[in-house]
Amino acid sequence: MSISTGSVWVDGSSSRMQRYNIFRRVNWGRFAVVAIPAFWLGIFFFIPFLVVFKISLSETAIAVPPYTPLLEWDLEEAYINLKISLGNYLYLLEDAFYLEAYLSSIKIAAISTFFTLLIAFPIAYLIARSDGSRRALLLALVILPFWTSFLLRVYAWMGFLKKNGIVNEFLLSLGIIDQPLVMLQTDFAVYLGIVYTYLPFMVLPLYSALEKMDMTLLEAAEDLGCRPAQSFFLITLPLAIPGIVAGCLLVFIPAVGEFVIPALLGGSDTLMIGRVLWDEFFLNRDWPMASAVAIVMLIVLVLPIMLIRNGQGKGEAI
Amino acid sequence: MHHKKLGLAAALTAVISTSAIAEDKVLNVYNWSDYVDPAIIEAFEAETGIKVNYDVYDSNEVLEAKLMSGGSGYDVVVPTGAFLERQIQAGIYKEIDRSKLTNYANLDTVLTDKISRHDPDNKHNVPWAWGTIGLGYNEAMVKERLGPDAKLDSLDMIFKPEVAEKLADCGIGILDSPAEVVSVALNYLGMDPNSEKKSDLKKAKALLSSVRPHYKYFHSSKYIADLASGEICLTLGYNGDVLQSQSRAEETGQGHKIGYSIPTEGTLVWFDLMAIPSDAPHPEAAHKFIDHMLKAESGAGVANYVYYAVANKASEPLLNQDVITNPGIYPSDEVKANLFTQNAHTAKFDRQLTRAWTSIKTGR
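Order-wise, the sequence lines are chains A and B. Using the working numbering, the first residue of the first sequence is number 7, and each one after it goes up by one. Using the working numbering, the first residue of the second sequence is number 361, and each one after it goes up by one.
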């Protein structure tokens, strides 16, 4: 990867010169460009994360707010009392139920991501191979559902899937089935809901990867006697990998923490960590425990993903 | 009769008002969705010149989360008894100054006595409305499966596996409310509905797990629409919600006849209670509002409109016939004697309860 620091003299051999240049010629434009997202992340991710982490180290209490303070002090009595409780994290290990909930969420998210990829790839491929106005129209169709609230669209699926809903009525009238199918309140409905909802998040990165592809590569392959299926696996697919990875992360990460879709479409036995968090927070009124569940989820999910990203970033450095 | 809007979005909206030293002519009310005839609020505004900001929620949990974070900015909130009981312990309510309530004597003392189990001397609350948890059923569909003399007022339909099994194909819904459902189950088993004993909880869990395969879902509001449309045929639900479902079924004209019964085995009675948060910016206006709601006409307005009973004796002559004579809303004294209240639980028991509930629901 080529890094330009605003000076043509930088070649690594002259570190004194390099420092000199950085001090003399601070690129305020670039600084501002980086500072805004950094500031945004700080305010809306890092600080809230610290607050949640802090709460996870306290204990629940009947008070406002409903947990014990970490730090207590009294200047007259001259004491400062720091109380950190790891009990919440230990409890997570004690009851296998939490592990099961994490695993079940990851399983549901992984299966959904796989099917999203399977459906999104041909769509993205078609869009990338279309030309001009047709491509614009197809892209608009992918984005169009965002104009309706996500919640409404999930409710619409309930109308499709329920016992006397559109799908069952249609199949019954055709005589394909003689008993209504049970689709709502099943894991199937959850998969369907997630795949449907997150499809655009997979299509768009795939499209942008496929669109950049150099078509002459395929022609060259053909000239050299490669069959279409072969050239797909040897050329198209490897070149689409950055899009596949980006799309899968965009679908997988939010799907793991999904609450609304399993709550509306899933059955009572669909176990996902979003629901466990809800129960901890609202039924047990145990904010510290809920915070610990959230922090562990972040660690379990985000750390491996960051490592993958990192490895991948180095691998593809051009 | 009106439609209950499922207030997920509404519950997310909040009005935070800043207080001035001299009280503004503003009042921030936070109440259950579709729980009042808007005309009653308009009358209050016209009479006092106080502008009412009226927000709604659809679960006690949402209300509690807001109150416990502090600085909600609300002047009047309406939690259910057991929730109020615990919230009082956290010190988040003001004592209500009864000298400012000219209509307090309108209240039914039999009911306020029951309520004082949550709040000794009722220092922090004035009742809004009350109701029961009972059986909402589709008469034709249930009788088709259980025979013409099916006992429609027995919890056997919900808790006895051999009976529930026959109804599984037409759909049984259960409230997704662990404390309430478990207390009804404990009472059904002949134990103290408020027991916090581990062994009792275990028995209730065993009972619920044995019928669990025959339940279609656990949800606290979906049954209103589903009962009306024939998607389910039986639910353990709130009386007013089932009655709303009944009128919805009549409106849509699909021919589903919905009934509500208070189980003969006894069930839970709940009270939704007005209270003033201790950091309420407009306590004067809050007292005026509570006094307004205690008027005979206001109470009757609520009951006639939402099909929940009010604890207001003076309102009774003003009630519509279909409300006052409906045993699902105003049960006989005999039935009333069989009703119990559900107390606030300790944090430790709540955790055991939630854990048991999750394992009932998911089989894990």
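We put the CB at the ideal spot given by N, CA and C, even for glycine.
- Within the model, the alpha-carbon separation for Leu-230 of chain A versus Gly-253 of chain A is close to 32 Å.
- Sequence-distant partners of Thr-706 of chain B (beyond 5 residues in either direction) whose C-beta falls short of 7 Å from its own C-beta, in its chain, are Glu-556.
- If you compare the alpha carbons of B:Glu-445, B:Val-541, B:Asn-466, B:Asp-479 with that of Leu-495 of chain B, the shortest gap goes to B:Val-541.
- At a cut-off of 7 Å between beta-carbon atoms, Gln-185 of chain A makes no contact with chain B.
- Taking all protein chains in view, the Cβ of Ile-53 of chain A is surrounded by fewer than 16 other Cβ atoms within 10 Å, so the residue is classified as exposed.
- Restricting attention to B:Gly-615, B:Tyr-548, B:Ala-704, B:Asp-457, the CA atom closest to the CA of Leu-568 of chain B is found in B:Tyr-548.
- For Met-501 of chain B, the closest alpha carbon among the candidates B:Trp-490, B:His-616, B:Phe-578 is that of B:His-616.
- At a Cβ-Cβ threshold of 7 Å, His-647 of chain B and Lys-460 of chain B count as neighbours.
- Out of B:Tyr-464, B:Glu-644, B:Asn-498, the CA that lies nearest to the CA of Leu-387 of chain B is found in B:Glu-644.
- Judged by pairs of C-beta atoms under 8 Å, the region 452-459 of chain B does not touch the region 592-608 of chain B, as fewer than three such pairs exist.
- Contact holds between the region 575-588 of chain B and the region 527-539 of chain B, because three or more Cβ pairs, one in each stretch, are under 8 Å apart.
- Taking the beta carbon of Val-308 of chain A as reference, no residue of chain B falls within 8 Å; the closest one sits roughly 25 Å away.
- Cβ-Cβ distances below 7 Å link Gly-491 of chain B to Tyr-598, Asn-599, Gly-600, Trp-630, Tyr-668, Ala-669 in the same chain, with the five nearest sequence neighbours on each side left out; the list follows chain order.
- Annotation: Phe-50 of chain A is outside any beta strand (DSSP E) and is labelled neither H nor E by DSSP.
- Counting only unbroken stretches of 3 or more residues, the beta strand (DSSP E) elements lying wholly within the region 389-437 of chain B are 411-417, in sequence order.
- Using a Cβ distance threshold of 7 Å, Gly-249 of chain A and Leu-224 of chain A do not count as a contacting pair.
- With a minimum length of 3 residues, the unbroken runs of beta strand (DSSP E) contained wholly in the region 548-613 of chain B fall at 594-598.
- Taking a C-beta distance under 7 Å as the contact criterion, Leu-654 of chain B and Asn-420 of chain B do not qualify as a contact pair.
- Against chain B, the CB of Ala-162 of chain A has no partner CB under 7 Å away; the residue lies outside that interface.
- The C-alpha of Ser-111 of chain A is placed about 6 Å away from the C-alpha of Ile-279 of chain A.
- Taking 7 Å as the Cβ-Cβ cut-off, the region 61-81 of chain A approaches chain B at Thr-66, Ile-68, Ala-69, Val-70, Pro-71, Pro-72, given in chain order.
- Ser-297 of chain A counts as buried, since no fewer than 16 other beta carbons sit within 10 angstroms of its beta carbon.
- Here DSSP, grouped into helix, strand and coil, assigns Ala-300 of chain A to helix.
- Lys-617 of chain B has a beta carbon lying at 7 Å or more from every beta carbon in chain A.
- The C-beta of Ser-297 of chain A comes no closer than 7 Å to any C-beta of chain B.
- Beta-bridge analysis with DSSP links Pro-637 of chain B to B:Tyr-453.
- Under the Cβ criterion (8 Å, minimum of three pairs), the region 195-205 of chain A does not count as touching the region 173-182 of chain A.
- In summary, the residues of the region 251-279 of chain A whose CB is separated from some CB of chain B by less than 7 Å are Gly-273, Ser-274, Asp-275, Leu-277, in the order they occur in the chain.
- A Cβ-Cβ distance of about 5 Å is found for the pair Pro-521 of chain B and Val-571 of chain B, placing them in contact under the 8 Å criterion.
- With the rule of 3 Cβ pairs closer than 8 Å, the region 297-309 of chain A does not count as touching the region 142-151 of chain A.
- Using a CB distance cut-off of 7 Å, Phe-288 of chain A counts as an interface residue toward chain B.
- Inter-residue distance for Val-262 of chain A and Lys-385 of chain B is about 47 Å (C-alpha atoms, whole angstroms).
- Membership of Leu-88 of chain A in the beta strand (DSSP E) is indicated by the continuous run 85-88.
- Under the 10 Å beta carbon count, Lys-708 of chain B is surrounded by fewer than 16 other beta carbons and is classified as exposed.
- The Cβ neighbour count for Val-209 of chain A, taken over all protein chains shown within 10 Å, is at least 16; the residue is labelled buried.
- Phe-443 of chain B is classed as buried because its beta carbon has at least 16 other beta carbons within 10 Å across all chains shown.
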